[in-house]
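A.B. asks: Residue numbers (the numbering used here): 26 to 387. Even glycine gets a Cβ: it sits at the ideal position worked out from N, Cα and C.
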Ligand code: PEP
Ligand code: MN
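Right under this line is the structure:
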């Protein structure tokens, strides 16, 4: 922690120094022309920064140790040495016996309807995905998604079939072998959803529902954890720590667009692709991109998907519909679903560029 104090506030410098020592840390006091700076050495997590900021003359205080230690890429080891941790790979096994592994440079595709609306609709999509996976030889990179419990902006909208949808997803998994991911909305559902689903999703709206984060952390299921629409990276990673601290580090971060100055007339939100390399350099977790919810438009989804791929995302989550489905009949996120034939081209693009990867690093 670094604390910057007005040069004249000598009483504060002394009192803050005493406070730091009382917390078993060492205050390293540096006298500048305008400010006195106290650099705290030792474990500063016990020092309440808000309290420090109440002292007269304190201009700023900030932490330099990571607030998300459990998932951070670089940490301080036992003998005060910097340690660079290995990135984790999250493996999700299907009933077909294949592991879908989220790790560097071989993205996994999570595709399916926004909401499970019927058995036929979900089964047709999953069968279509199976055809694509077999044609392109990427069964071990394909997973199914589908919402059973839907968070909706408007209370009158379709909110999912609930447990009935879970029964449908279970059946479709049995028939296709694909593992599935579905969202959990309440602490009371967490255990049961985790018992049945292969991956559980925490949606954007629940990104800071700390009780829910801890509940999924207590299960050992991989968690697809979406960014809040106005979450800064540090806030998002700090919240992810709630899951990790329960002992579940199988966290798949998912960027799905953030609020910015876009008014919504040409897309739904603003995709932050630069967050991909930032997550890779700061954490041990894999990160995927959801071009469906970020763009909100089926004509933009393929382009965001391709961009995410060259950025090195570890996977993509895409809402898809069958080729002959009438969009008007879909109850949830109809505008952004890509047709299976378009999705196939997207996957083809990804597989194609893998044979001649380009690296722009110096
Ligand atoms: C979804 O994945 O269908 C969903 C509701 O996503 P988000 O939480 O990103 O809005
Ligand atoms: Mn959706």
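For the stretch 319-327 and the stretch 356-364, state whether three or more C-beta atom pairs, one from each stretch, are separated by less than 8 Å.
C.D. replies: Yes, the stretch 319-327 is in contact with the stretch 356-364.
A.B. asks: Can the beta-carbon of residue 229 be found closer than 7 Å to that of residue 254?
C.D. replies: A contact, by the Cβ cut-off of 7 Å.
A.B. asks: Under DSSP, the beta strand (DSSP E) around residue 29 begins and ends at which residues?
C.D. replies: 27-31 is the extent of the beta strand (DSSP E) around residue 29.
A.B. asks: The ligand PEP and residue 284: does the residue's C-beta get closer than 6 Å to at least one heavy atom of that ligand?
C.D. replies: No, the Cβ of residue 284 stays beyond 6 Å of every heavy atom of the ligand PEP.
A.B. asks: Measure the Cβ-Cβ separation of residue 332 and residue 298 and say whether it is below 7 Å.
C.D. replies: A contact, by the Cβ cut-off of 7 Å.
A.B. asks: Taking Cβ to Cβ, would you say residue 282 is nearer than 7 Å to residue 132?
C.D. replies: Against a cut-off of 7 Å, the Cβ pair of residue 132 and residue 282 comes out as no contact.
A.B. asks: Please indicate yes or no: does the CB of residue 206 lie closer than 6 Å to some heavy atom of the ligand PEP?
C.D. replies: Result no, Cβ not under 6 Å from the ligand PEP.
A.B. asks: Taking the alpha helix (DSSP H) that residue 242 falls in, what are its first and last residues?
C.D. replies: It spans 235-243 - the alpha helix (DSSP H) in which residue 242 sits, taken as one unbroken run.
A.B. asks: Output the distance between the C-alpha atoms of residue 317 and residue 335, rounded to the nearest integer angstrom.
C.D. replies: If I take the Cα positions, the gap works out to 17 Å.
A.B. asks: Can you tell me which residues fall inside 5 Å of the ligand MN, judged by beta-carbon distance to its nearest heavy atom, and keep chain order?
C.D. replies: Cβ-based neighbours of the ligand MN within the cut-off: 139, 358.
A.B. asks: Would you call the CB atoms of residue 29 and residue 65 closer than 7 Å?
C.D. replies: No.
A.B. asks: Hey, which unbroken runs of the alpha helix (DSSP H) at 4 residues or more fall wholly within the stretch 270-316?
C.D. replies: If we require 4 residues or more, the alpha helix (DSSP H) runs fully inside the stretch 270-316 come out as 300-307.
A.B. asks: Along the beta strand (DSSP E) that carries residue 232, what are the first and last residues, could you check?
C.D. replies: Segment: none, residue 232 is in no beta strand (DSSP E) and carries neither H nor E.
A.B. asks: Take every Cβ of the stretch 173-187, pair it with every Cβ of the stretch 149-164, and state whether three or more of those distances are shorter than 8 Å.
C.D. replies: They do not touch, by the three-pair rule.
A.B. asks: Going by alpha carbons, who is nearest to residue 139 out of 206, 61, 113?
C.D. replies: It is 206 whose Cα lies nearest to the Cα of residue 139.
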